[in-house]
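Protein chains in written order, with the numbering used here: chain A, 20 to 131; chain B, 105 to 217.
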Amino acid sequence: NAGVTQTPKFRILKIGQSMTLQCAQDMNHNYMYWYRQDPGMGLKLIYYSVGAGITDKGEVPNGYNVSRSTTEDFPLRLELAAPSQTSVYFCASSPGTAYGYTFGSGTRLTVV
Amino acid sequence: QQQVKQSPQSLIVQKGGISIINCAYENTAFDYFPWYQQFPGKGPALLIAIRPDVSEKKEGRFTISFNKSAKQFSLHIMDSQPGDSATYFCAASMDSSASKIIFGSGTRLSIRP
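Below you can see the structure in the form of structure tokens.
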């Protein structure tokens, strides 16, 4: 009963480096989301997907890219990392609108 | 109109007391109102949720009260315990929106022994 799995749990990047945050769910949920949470703050939506092959921007998409080739996976790509991208990143999934989300345990990213 | 306003920002309650967190929304199209609980270092977890056709939902010590006319809803934690210490987020979404849930800004709850 894995739910939503995120890897890695922690990562330190240097300014200008790139990386991919992995997210996988085994609940056959169509909807998947990427959020970032800055210290003491709420959740800001980066990107979301309503199904394989369909993605759309959220509130704070700049500096990020996503893809959704399968129902299970929804990776988040950071290009040219900047200190402003230091945050905790959460992936979530749901079976549809007006349903609760299942969140992963998060990736803590520090850009130095 | 898309905002969900949550208060207070932080709350300290004695063990055994009642914790109350409030949220208000503007968009009357919202039709699903969940609450999430987040412990330090963990992802948010769905705690309890309500739809606007009922005024109250109770699950154990946790109760959502919903006032459709006032566009407000609140979380009540009865007999609060130190293990309830966490950050709580209210949220709102609508069936017609394929995009997202709108989250409140969060309430950091501390239960003192």
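Note that CB positions come from ideal geometry on N, CA and C, so glycine has one too.
query	result
Hey, quick one: how far does the beta strand (DSSP E) through residue 138 (chain B) stretch, first residue to last?	137–142
Can you round the beta-carbon distance between residue 88 (chain A) and residue 71 (chain A) to whole angstroms, since I take them to be within the 8 Å contact cut?	7 Å
Check whether the segment 108–120 of chain B touches the segment 63–77 of chain A, counting contact only when three or more Cβ pairs, one atom from each stretch, lie closer than 8 Å.	no
Are three or more beta carbon pairs between the segment 179–198 of chain B and the segment 119–138 of chain B nearer than 8 Å?	yes
How would you list, in chain order, the residues of chain A whose beta-carbon sits under 8 Å from the beta-carbon of residue 198 (chain B)?	116 and 117
How long is the line joining the alpha carbons of residue 39 (chain A) and residue 93 (chain A), rounded to whole angstroms?	10 Å
Among the candidates A:81, A:50, A:58 and A:57, whose CA atom is the shortest distance from the CA of residue 65 (chain A)?	A:81
Quick check on residue 143 (chain B): buried or exposed, where buried means 16 or more other Cβ atoms within 10 Å of its Cβ?	exposed
Any beta-carbon of chain A closer than 9 Å to the one on residue 155 (chain B)?	yes
Let me know if residue 187 (chain B) comes out buried or exposed under the rule of 16 or more other beta-carbons within 10 Å of its beta-carbon.	exposed
Does the beta carbon of residue 116 (chain B) sit closer than 9 Å to a beta carbon anywhere in chain A?	no
Just to confirm before moving on: does the CB-CB distance between residue 102 (chain A) and residue 34 (chain A) stay below 9 Å?	yes
Determine whether the Cβ of residue 218 (chain B) lies closer than 9 Å to any Cβ atom of chain A.	Because chain B spans 105 through 217 in this model, residue 218 (chain B) falls outside it and cannot be assessed.
In angstroms with no decimal places, state the Cα-to-Cα distance between residue 208 (chain B) and residue 54 (chain A).	14 Å
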